[in-house]
Amino acid sequence: MREFGNLMGSLTAILFTIAFLNRPVKAINKMYGKKIAKTSFKGTFQSLMKFLVKNHKLFGALAATSALIHGAVKFSVYGFVASGFLTLTLIMLQGILGGYGFRKMKGKAGGWLKIHRLIPYLVFLSIFNHVVVKIFW
Ligand code: HEM
Ligand code: HEM
Numbered sequence: 138m139r140e141f142g143n144l145m146g147s148l149t150a151i152l153f154t155i156a157f158l159n160r161p162v163k164a165i166n167k168m169y170g171k172k173i174a175k176t177s178f179k180g181t182f183q184s185l186m187k188f189l190v191k192n193h194k195l196f197g198a199l200a201a202t203s204a205l206i207h208g209a210v211k212f213s214v215y216g217f218v219a220s221g222f223l224t225l226t227l228i229m230l231q232g233i234l235g236g237y238g239f240r241k242m243k244g245k246a247g248g249w250l251k252i253h254r255l256i257p258y259l260v261f262l263s264i265f266n267h268v269v270v271k272i273f274w
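According to our numbering, the sequence shown is numbered sequentially starting from 138.
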């Protein structure tokens, strides 16, 4: 169970990062899309971008699910762990905000998207704290 719990924690970090790639891949396309189009990398890059943008919500939802599973497994053994709860709260907030933006705002830019673009950086810092430095446990 401990191994499974750890696996779910690492899986969350991976899925969350894949969901996040939505932004850099679009930014690369905006800045270098024309240059890439002239290279043999064009097809690979475009399929990768399509895949990441199309499945963004799926990876986000899967990250939130594995975060909940990891959190529940670890909570049942260790009880309250501040750094873990902080990370989980931020990830759930990100998922809920994404759901709101998708359903109510139809994915169009707005205040929600600014926050949705910002939260991932806080999550990465929070994961780093939770797993490596543990400034608050
Ligand atoms: C209620 C929320 C959470 C609690 C109580 C919690 C608790 C813990 C604990 C106690 C450990 C040490 C594991 C051990 O040695 O048995 C751990 C490891 C870890 N946690 Fe969390 N955590 C939570 C949320 C999260 C979230 C949301 C992430 C998202 C990425 C995460 C990622 C990780 C990772 C990557 C590890 C290291 C796994 C390994 O050593 O292989 N945790 N967590
Ligand atoms: C939990 C992990 C998630 C991360 C790290 C994440 C990250 C991001 C980022 C960085 C953007 C900005 C893309 C850009 O600049 O164009 C974005 C956009 C968006 N996200 Fe998320 N998101 C997550 C989950 C979700 C979920 C669960 C949903 C919906 C159910 C969602 C819906 C959206 C929508 C509708 C957009 C705007 C349109 C688009 O780019 O597809 N996100 N997300």
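Cβ atoms here follow ideal geometry from the backbone N, Cα and C, with glycine treated the same way.
Check: Rounded straight-line distance, which links the Cα of Lys271 to that of Tyr237; Outcome: 32 Å
Check: Proximity test, Thr224 beta-carbon vs ligand 1 heavy atom, cut-off 6 Å; Outcome: yes
Check: heavy atom of ligand 1 below 6 Å from Tyr215 C-beta; Outcome: yes
Check: Simplified DSSP assignment, three categories, for Ala150; Outcome: helix
Check: Cβ separation of His253 and Gln231, assumed to be a contact under 8 Å, to the nearest whole Å; Outcome: 7 Å
Check: Ala150 and Ile264 closer than 7 Å at C-beta; Outcome: yes
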